[in-house]
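Novice: Those sequence lines, one after another, are chains A and B. Counting from 1, position 41 in the first sequence corresponds to residue 41 in the working numbering; the numbering is continuous, with no gaps. Counting from 1, position 63 in the second sequence corresponds to residue 1063 in the working numbering; the numbering is continuous, with no gaps. Questions regarding the structure given below will be posed in turn.
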Amino acid sequence: EAQVTQNPRYLITVTGKKLTVTCSQNMNHEYMSWYRQDPGLGLRQIYYSMNVEVTDKGDVPEGYKVSRKEKRNFPLILESPSPNQTSLYFCASSFLGRGPTTDTQYFGPGTRLTVL
Amino acid sequence: DAKTTQPPSMDCAEGRAANLPCNHSTISGNEYVYWYRQIHSQGPQYIIHGLKNNETNEMASLIITEDRKSSTLILPHATLRDTAVYYCIAGEYSGGGADGLTFGKGTHLIIQP
């Protein structure tokens, strides 16, 4: 089954404790992206990647890091989490350059992060 | 991306057609209209997109006005599982996948039994 998986689905942590949220897709997509969703603010893009070893900042990159060492994986790293990073996080992936019908985004199930 | 305007919420009776409007009066000629939906706290799900012509797939129909300043998403026979937030997005396809699409606040569609 074609899907985007995220782990963990729920995480409660404390300020300053480094954490990684994993994202994996099995559709051979070139493009991957991380969003955060907060009440009243909608979905905001954190980072995206056009292919292996190619990453770029989205709208709200501060406090986050990403890496794309393999095509299928795009982990989100919070080196020193703070309470304002408490949010619902979504990973997404899509093909690139095959036309707007094919390049639609597939989203993961979400990771609910609480930083105390 | 062109700005889109949607009503914050709508109700629809189960089994009836749900018509969700979207205004995108500043859309440019090469911007597509995309629709996604998000069922409570799940990841957004692609529904349909179009440029100029009306489009239909197994999930919905998209009607775009001739001047492209507005569109309507139609769910022909709404079910309770269609209760979700529906996002209308106007964005340019640049060969870069769907990068740059801006998800606004959407319309919360509530299907009533």
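Think of the CB as a built atom: it goes at the ideal place given N, C-alpha and C, for glycine as much as any other residue. Fair warning: this is a prediction, and the values are worked out from it, not measured in the lab.
Along chain A, which residues have their Cβ under 8 angstroms away from the Cβ of Lys-1105 of chain B?
Specialist: Residues of chain A passing the Cβ test: Gly-40 and Gly-42.
Novice: To which residues of the same chain is Thr-1004 of chain B closer than 7 angstroms at the C-beta, ignoring the five residues directly before and after it?
Specialist: If we look at Thr-1004 of chain B and ignore the five residues flanking it on each side, its Cβ neighbours are Cys-1022, Asn-1023, His-1024, Cys-1088, Ile-1089, Ala-1090 and Gly-1104.
Novice: Taking only beta-carbon atoms, is Phe-74 of chain A less than 7 angstroms away from chain B?
Specialist: With 7 angstroms as the cut-off, Phe-74 of chain A does not count as an interface residue toward chain B.
Novice: Gly-63 of chain A touches chain B at which residues, Cβ-Cβ below 9 angstroms?
Specialist: Simply none; closest approach about 21 angstroms.
Novice: Going by DSSP, what residue range makes up the beta strand (DSSP E) through Thr-55 of chain A?
Specialist: Note, Thr-55 of chain A: beta strand (DSSP E), 54–57.
Novice: On the DSSP bridge assignment, give the partners of Ser-49 of chain A in chain order.
Specialist: According to DSSP, Ser-49 of chain A bridges with A:Met-32 and A:Thr-55.
Novice: Thinking C-beta only, is Ser-87 of chain A closer than 7 angstroms to Gln-29 of chain A?
Specialist: For clarity, residue 29 of chain A is His in the given sequence; the question names Gln instead. Taking 7 angstroms as the Cβ cut-off, His-29 of chain A and Ser-87 of chain A do not qualify as a contacting pair.
Novice: Hey, how far is the Cα of Arg-1016 of chain B from the Cα of Pro-109 of chain A?
Specialist: For Arg-1016 of chain B and Pro-109 of chain A, the distance between alpha carbons rounds to 29 angstroms.
Novice: Thinking C-alpha only, which one of A:Asn-51, A:Asp-59, A:Pro-81 and A:Ser-82 is nearest Ser-67 of chain A?
Specialist: Ranking the options by Cα distance to Ser-67 of chain A, first place goes to A:Asn-51.
Novice: Could you check if Tyr-1077 of chain B is buried or exposed, using at least 16 other CB atoms within 10 Å of its CB as the buried criterion?
Specialist: Residue identity check: residue 1077 of chain B is His in the sequence provided, not Tyr. Answer is exposed; the Cβ neighbour count stays below 16.
Novice: In three-state DSSP terms, what is Leu-1080 of chain B?
Specialist: Leu-1080 of chain B: helix per DSSP, three-state reduction.
Novice: Which same chain residues, not among the five before or five after Gly-59 of chain A, have their C-beta less than 8 angstroms away from its C-beta?
Specialist: It is Asp, not Gly, that sits at residue 59 of chain A in the sequence shown. Closer than 8 angstroms at the Cβ level, and outside the excluded window around Asp-59 of chain A, lie Arg-44, Gln-45 and Ile-46.
Novice: Helix, strand or coil for Gln-105 of chain A, going by three-state DSSP, please let me know.
Specialist: Coil, per DSSP.
Novice: For the candidate residues B:Gln-1006, B:Asp-1011 and B:Ala-1002, whose alpha-carbon lies nearest to that of Thr-1079 of chain B?
Specialist: Out of B:Gln-1006, B:Asp-1011 and B:Ala-1002, B:Asp-1011 has the C-alpha closest to the C-alpha of Thr-1079 of chain B.
Novice: Using a Cβ cut-off of 7 angstroms, pull out every chain B residue sitting near Pro-83 of chain A, in sequence order please.
Specialist: Here the premise fails: no neighbours, minimum Cβ distance about 20 angstroms.
Novice: Please confirm if Pro-8 of chain A has its CB atom under 7 angstroms from at least one CB of chain B.
Specialist: No, no contact with chain B.
Novice: According to DSSP, is Pro-83 of chain A part of a helix, a strand, or is it coil?
Specialist: Three-state DSSP puts Pro-83 of chain A in a helix.
Novice: Hey, would you say Arg-1068 of chain B sits closer than 7 angstroms to Ile-1027 of chain B, going by beta carbons?
Specialist: In this structure, Ile-1027 of chain B lies closer than 7 angstroms to Arg-1068 of chain B by Cβ.
Novice: Are the beta-carbon atoms belonging to Val-21 of chain A and Thr-111 of chain A less than 7 angstroms from one another?
Specialist: Their beta carbons are under 7 angstroms apart, which means Val-21 of chain A touches Thr-111 of chain A by this criterion.
Novice: Please tell me whether Gly-16 of chain A has its Cβ less than 7 angstroms away from any Cβ of chain B.
Specialist: No, because no Cβ of chain B sits closer than 7 angstroms to the Cβ of Gly-16 of chain A.
Novice: Leaving out five residues on either side along the sequence, give the residues of the same chain with a beta carbon under 8 angstroms from the beta carbon of Pro-83 of chain A.
Specialist: So the qualifying residues of the chain are Thr-15, Val-115 and Leu-116.
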